Each structure stands twice: as structure tokens, then as C-alpha cells.
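Quick notes on the structure that follows.
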Amino acid sequence: MAVILKAEKREDLSKSVTKQIRKNGNVPSVVYGKDKASKTITVNSVDLTKTVRDEGRNAIISLAVENDEPVNVMLHDYQLEPLRDDVLHADFYIVNMAEEMDVEVPLHLDGEAKGVKDGGVLQQPLFELQVRAKPADIPEQISADISDLDIGDTISIADLPESSAYEFLEDHETTIATVVPPDTVEETDEAPADEEAEPDLVGGSENDDEK
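Using the UniProt record's numbering, the letters of the sequence shown correspond one by one to residues 1 to 211.
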């Protein structure tokens, strides 16, 4: 059953009103979907944060907008205030419960690898996996047991349990965990300084007070 999140309509999109909405503890938001007209709304910041924390990033939310019938949505995107981590804006996408969709699901490694106990170093190249599933079948997370992983062993997507409810979209030979000898890690960390590439900047949009 979808968790209920109440929302109010937002018609005045001026900066001054948007600022006041946030000051009052609410989040300016947009709800939209395939062949659906977008609506500007506000939701309570505490309620939104609690919903995502308790139900997960891919939770199905029954969005109850005042005077309208509730609609099933997912939190598609959001903007955070960089210093306080306050939610500045949220996008909700209306989902069709009968249609499959592509989402990213957190990958969690269970257990302690035998190779780590023997001095090896665990490496996890991926922390999320792309899956395709109907909204109600989207798993909260994908788990992989690494307890039997020795030094030099790897686990790929192909080693994960299969499910009839969803499918993995990445190449099944993609490595999700490996244990490498400690000297391998040391050699990697000792690359010549002049050969080190500049780090990529994580792209981020400017805060948009008019949303």
C-alpha cells in the first residue's frame, strides 16, 4: 500500500511567495507524468523527508493534492540546500502501476569477505544497479552475500539471485564486488603526480527560486 503524502496547490510562482513557502517549512514542488499536465504544488518538508527515509528513494507515494483525487507518484528528483541539506524543490512523477519503468536501486553487500580477513581489500565498483520493473515490484535494495569471497575473487551481476519481478539492465558480467591483494591497492595509489587527471566536477544546477 502506497504511503500518503498531502500536498497543496501552488499558483503564485513569484520569488517572494516561494521564499515564504520555504520559510514556513514547505517545499515548492512539481507533479507531472506521461500525457499528464504538470501541476505546481507544495508539500511539508518534514513529511517528505520522513517518507523518503522510512520508505526508500523508490517508494510509491499516494500524493493527495487538495480537492483532487490522490495519484501514485515517485520522487523523481530534488534539490538540496548545500549547507543545511534542506530540500529546496522536489519533482514527483505520476506512475502507471501496470507499466514497467527503469530505476536505480541501491546495492548492499552483506557479510565480511574471507579475503578481507586474510588481509585483502574489498572494492565495490557499483553502489546502485539499474533495474526494470513495475512500480510495485521495485525492490528497496539489492543484496549480495560476499562472505565466501577470497582474495582474487569477484562477484558480478550474473551471480545475483534472479527474480521474476524485475530484471537487471547492465551487462551481467559487470563486477559489483572484488577482493584484491593489498599490494595491488598500494601500487594504484602511487601513480606519478604528473599523470594524475584532474577530478571531474559533479554537475549541479543553480538554486532556482522560481520553481
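Note that CB positions come from ideal geometry on N, CA and C, so glycine has one too. Model, not experiment: these values are computed from the prediction.
Which class does Glu-112 belong to by DSSP, given the choice of helix, strand or coil? Within the sequence shown, residue 112 is the residue found at index 112, counting from 1. Coil at Glu-112, not helix or strand.
Which residues does DSSP pair with Gln-79 in a beta bridge? Along the sequence shown, read from residue 1 onward, the residue named residue 79 stands at position 79. Paired residues: His-89.
Just grab the DSSP bridge partners of Thr-154 for me. On the sequence shown, position 154 is the one that residue 154 refers to. Thr-154 is bridged to Thr-178.
Residues near Pro-182 in its chain [Cβ-Cβ closer than 8 Å; skip 5 each side]: Residue mapping note: residue 182 aligns to position 182 of the sequence shown, counting from 1. Within the same chain, Pro-182 has close Cβ partners Gly-119, Gly-120, Val-121.
Give the single residue among Asn-67, Glu-167, Glu-8, Thr-154 whose Cα lies nearest to the Cα of Gln-130. By one-based count along the sequence shown, residue 130 stands at place 130. Taking the Cα of Gln-130 as reference, the smallest distance to any Cα among Asn-67, Glu-167, Glu-8, Thr-154 is reached at Glu-167.
Around the C-beta of Thr-174, are 16 or more other C-beta atoms found within 10 angstroms, so that it is buried, or is it exposed? The residue labelled residue 174 in the question sits at position 174 within the sequence shown. By the 10 Å Cβ count, Thr-174 comes out exposed.
Just the C-alpha distance for Val-30 and Phe-92, rounded to the nearest angstrom, thanks. Walking along the sequence shown from the start, residue 30 turns up at place 30. Walking along the sequence shown from the start, residue 92 turns up at place 92. Answer to the nearest angstrom: the Cα atoms are 6 Å apart.
Cutting at 6 Å between CB atoms, please list the residues of its own chain near Met-74, excluding the five before and the five after it. Taking the first residue of the sequence shown as 1, we reach residue 74 at position 74. Cβ within range, chain order: Tyr-93, Val-95.
If you scan the region 12-89 from start to end, which runs of the beta strand (DSSP E) of 3 or more residues do you find wholly inside it? The qualifying runs are 26-33, 36-44, 61-65, 71-80.
Span of the beta strand (DSSP E) holding Val-131? Along the sequence shown, one-based indexing puts residue 131 at 131. 128-133 is the span of the beta strand (DSSP E), which, as asked, contains Val-131.
What whole-angstrom Cβ distance do Thr-42 and Asn-58 have, given they're in contact under 8 Å? The sequence position of residue 42 within the sequence shown is 42, counting from 1. The sequence position of residue 58 within the sequence shown is 58, counting from 1. Incorrect: roughly 23 Å between the Cβ atoms, too far for contact.
Cα separation between Ser-143 and Ala-136? Position 143 of the sequence shown holds residue 143. Position 136 of the sequence shown holds residue 136. Those two C-alpha atoms are separated by around 18 Å.
Name the residue from Ile-61, Glu-100, Thr-178 whose alpha carbon lies nearest to the alpha carbon of Val-3. As a position in the sequence shown, residue 3 is number 3, starting the count at 1. Restricting attention to Ile-61, Glu-100, Thr-178, the CA atom closest to the CA of Val-3 is found in Ile-61.
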